[in-house]
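Be aware that the sequence shown starts at 34, since it is given in the working numbering, and climbs by one per residue.
Here a beta-carbon is modelled for each residue, glycine too, at the ideal position from N, C-alpha and C.
Quick caveat: nothing in here was measured; it's all calculated off a predicted structure.
Heads up, the thing below is written out as structure tokens.
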Amino acid sequence: MQEFYLKQVTWATHEAQLRLIREQVFILEQQVPVALEWDEHDMAAWHLLAFNQPEVAIGCARILRSGSIGRMAVLQEKRGCGVGKALLSAAIILCKQQRLKRVTLSAQTHATSFYEQAGFSIASDVYLDANIPHVDMQLMF
34 MQEFYLKQVT WATHEAQLRL IREQVFILEQ QVPVALEWDE HDMAAWHLLA
84 FNQPEVAIGC ARILRSGSIG RMAVLQEKRG CGVGKALLSA AIILCKQQRL
134 KRVTLSAQTH ATSFYEQAGF SIASDVYLDA NIPHVDMQLM F
């Protein structure tokens with residue numbers, strides 16, 4: 034199993050690393066249009082980065098102040114090592130620390146079982162986001 038660690042970061046200090054992962058996973062791999070990937074929420078959101086060595090980021094997650102987890106991504110060659118699970122767990126802990134009562138996310142349909150294992154339940158019908166099937170999911174505290 035590969036060693037990695039998580040770090041809570043800001044957009045101001047780690048924008049380049051956050052962009053690199055999201056461009057690789059969402060824009061290049063999943064063909065999400067550039068205009069849909071970048072929005073006004075990054076500057077104010079909480080961000081988590083996973084590193085497998087100092088300053089080499091391999092995964093990320095974004096948590097909006099409302100408790101919405103999104104932009105979870107792990108580089109393709111680093112998947113299956115627990116990075117995504119660790120990012121999700123850390124995001125949930127962060128939301129609990131902020132005394133939020135509910136965490137939401139928009140999950141690609143192929144990943145719903147991953148989120149269900151963490152306690153999330155499906156809260157919507159399937160819809161398309163960036164031409165990819167998604168469902169809304171939630172976790173109540």
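Problem set entry | Bridge partners - tyrosine 160, DSSP secondary structure assignment | For tyrosine 160, which the question treats as bridged, DSSP gives the partners His167.
Exercise. When the Cα of arginine 104 is compared with those of Gly92, Gly152, Tyr38 and Phe84, which residue comes out closest?
Worked result: Put simply, of Gly92, Gly152, Tyr38 and Phe84 the residue whose alpha carbon is nearest the alpha carbon of arginine 104 is Gly92.
Problem set entry | Residue from Gln150, Gly100 and Leu108 with nearest C-alpha to arginine 52 | If you compare the alpha carbons of Gln150, Gly100 and Leu108 with that of arginine 52, the shortest gap goes to Leu108.
For this session: Kindly indicate which three-state DSSP category phenylalanine 147 falls into: helix, strand or coil?
Result: Secondary structure of phenylalanine 147 (DSSP, three-state): helix.
Problem set entry | valine 159 to alanine 140 span [Cα, whole Å] | Whole-angstrom Cα-Cα distance: 10 Å.
Problem set entry | Proximity winner among Ser157, Leu61 and Ile96, relative to threonine 142 (alpha-carbon distances) | Between threonine 142 and the set Ser157, Leu61 and Ile96, the nearest pair of CA atoms involves Ser157.
Problem set entry | Inter-stretch contact at 8 Å, needing at least 3 Cβ pairs: the segment 76-89 / the segment 34-43 | Touching, yes.
Exercise. Residue range of the beta strand (DSSP E) that glutamine 86 falls in?
Worked result: Per DSSP, the continuous beta strand (DSSP E) segment holding glutamine 86 begins and ends at 79-86.
For this session: Can you tell me which of Pro166, Glu70 and Thr46 puts its alpha carbon nearest to the alpha carbon of glutamine 57?
Result: The shortest C-alpha separation from glutamine 57 is found at Glu70.
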